[in-house]
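Numbering (my numbering), first residue to last: 44 to 272.
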């Protein structure tokens with residue numbers, strides 16, 4: 044499933060609410076994400092006997108998250124337009140990029156002031172988590188936060204290239220410190236992974252375009268289905 048809009052502009056839609064066995068997550072999404080989610084849900088609705096892989100729900104949210112959700116731990120999915128319910132809070136795209144590069148000298152003054160206000164409001168640690176760390180939530184509700192760097196990003200890039208079609212008991216590297224440390228998560232027991240999307244694409248922008256599914260248009264099959272949504 045591609046991540047980016049196929050058109051030059053896209054409008055906010057509202058809220059994606061995912062009720063899981065270990066809690067509820069709410070994401071602000073645009074219209075393109077809404078269509079992508081509906082198409083994935085339709086695909087998951089089909090019965091496929093003896094099929095051992097499980098395709099995870101995946102989408103980009105407006106609050107800088109590339110979200111990967113294991114359907115095994117989802118009880119319900121609800122799409123709610125912003126005329127029905129206010130969207131969760133999010134910032135403009137550039138703010139997330141500037142927060143991740145606060146040491147850069149070429150940040151516009153007004154943007155720097157906005158970033159400093161956000162840090163003052165939510166705290167520096169929370170601001171850095173929002174733009175620099177991947178969050179892994181297990182089936183028992185436990186959260187792990189790991190810095191997204193050139194090593195750990197390989198896991199998420201590999202999942203993207205495979206269209207998030209995941210075999211059972213796949214062990215994925217979620218933290219890497221060269222020779223000294225590596226940590227692998229059994230994805231069969233992972234409920235949700237959230238990756239800071241701006242940092243993710245910055246770290247993988249030079250990867251092979253053949254593997255970057257977000258730059259590919261929807262297939263003709265999905266284009267036909269999307270037009271009806």
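Note that beta-carbon positions come from the ideal geometry of N, C-alpha and C, so glycine has one too.
Residue i versus residue j: straight-line alpha-carbon distance, rounded
{"i": "residue 119", "j": "residue 147", "result": "42 Å"}
{"i": "residue 175", "j": "residue 57", "result": "25 Å"}
{"i": "residue 238", "j": "residue 203", "result": "12 Å"}
{"i": "residue 151", "j": "residue 138", "result": "11 Å"}
{"i": "residue 105", "j": "residue 134", "result": "8 Å"}
{"i": "residue 83", "j": "residue 63", "result": "17 Å"}
{"i": "residue 224", "j": "residue 70", "result": "32 Å"}
{"i": "residue 61", "j": "residue 68", "result": "5 Å"}
{"i": "residue 74", "j": "residue 53", "result": "7 Å"}
{"i": "residue 197", "j": "residue 153", "result": "34 Å"}
{"i": "residue 81", "j": "residue 222", "result": "42 Å"}
{"i": "residue 87", "j": "residue 190", "result": "31 Å"}
{"i": "residue 117", "j": "residue 180", "result": "13 Å"}
{"i": "residue 100", "j": "residue 113", "result": "7 Å"}
Three-way DSSP call (helix, strand, coil) for residue i in this model
{"i": "residue 57", "result": "strand"}
{"i": "residue 186", "result": "strand"}
{"i": "residue 145", "result": "coil"}
{"i": "residue 208", "result": "strand"}
{"i": "residue 172", "result": "helix"}
{"i": "residue 226", "result": "strand"}
Element boundaries [beta strand (DSSP E), containing residue i]
{"i": "residue 179", "result": "176–181"}
{"i": "residue 155", "result": "Premise fails: residue 155 lies in the alpha helix (DSSP H), 152–165, not in any beta strand (DSSP E)."}
Residue i burial status per 10 Å Cβ neighbour count (16 or more: buried)
{"i": "residue 233", "result": "buried"}
{"i": "residue 241", "result": "buried"}
{"i": "residue 219", "result": "buried"}
{"i": "residue 195", "result": "buried"}
{"i": "residue 243", "result": "buried"}
{"i": "residue 165", "result": "exposed"}
{"i": "residue 132", "result": "exposed"}
{"i": "residue 248", "result": "exposed"}
{"i": "residue 199", "result": "buried"}
{"i": "residue 127", "result": "exposed"}
Start and end residues, alpha helix (DSSP H) containing residue i
{"i": "residue 217", "result": "Segment 214–219 is the beta strand (DSSP E) holding residue 217; no alpha helix (DSSP H) there."}
{"i": "residue 231", "result": "Run containing residue 231: none; DSSP gives neither H nor E here."}
{"i": "residue 243", "result": "240–247"}
{"i": "residue 201", "result": "196–204"}
Along the chain, which unbroken stretches of the alpha helix (DSSP H) at least 4 residues long are found entirely within the segment 56–143?
-> 74–87, 136–143
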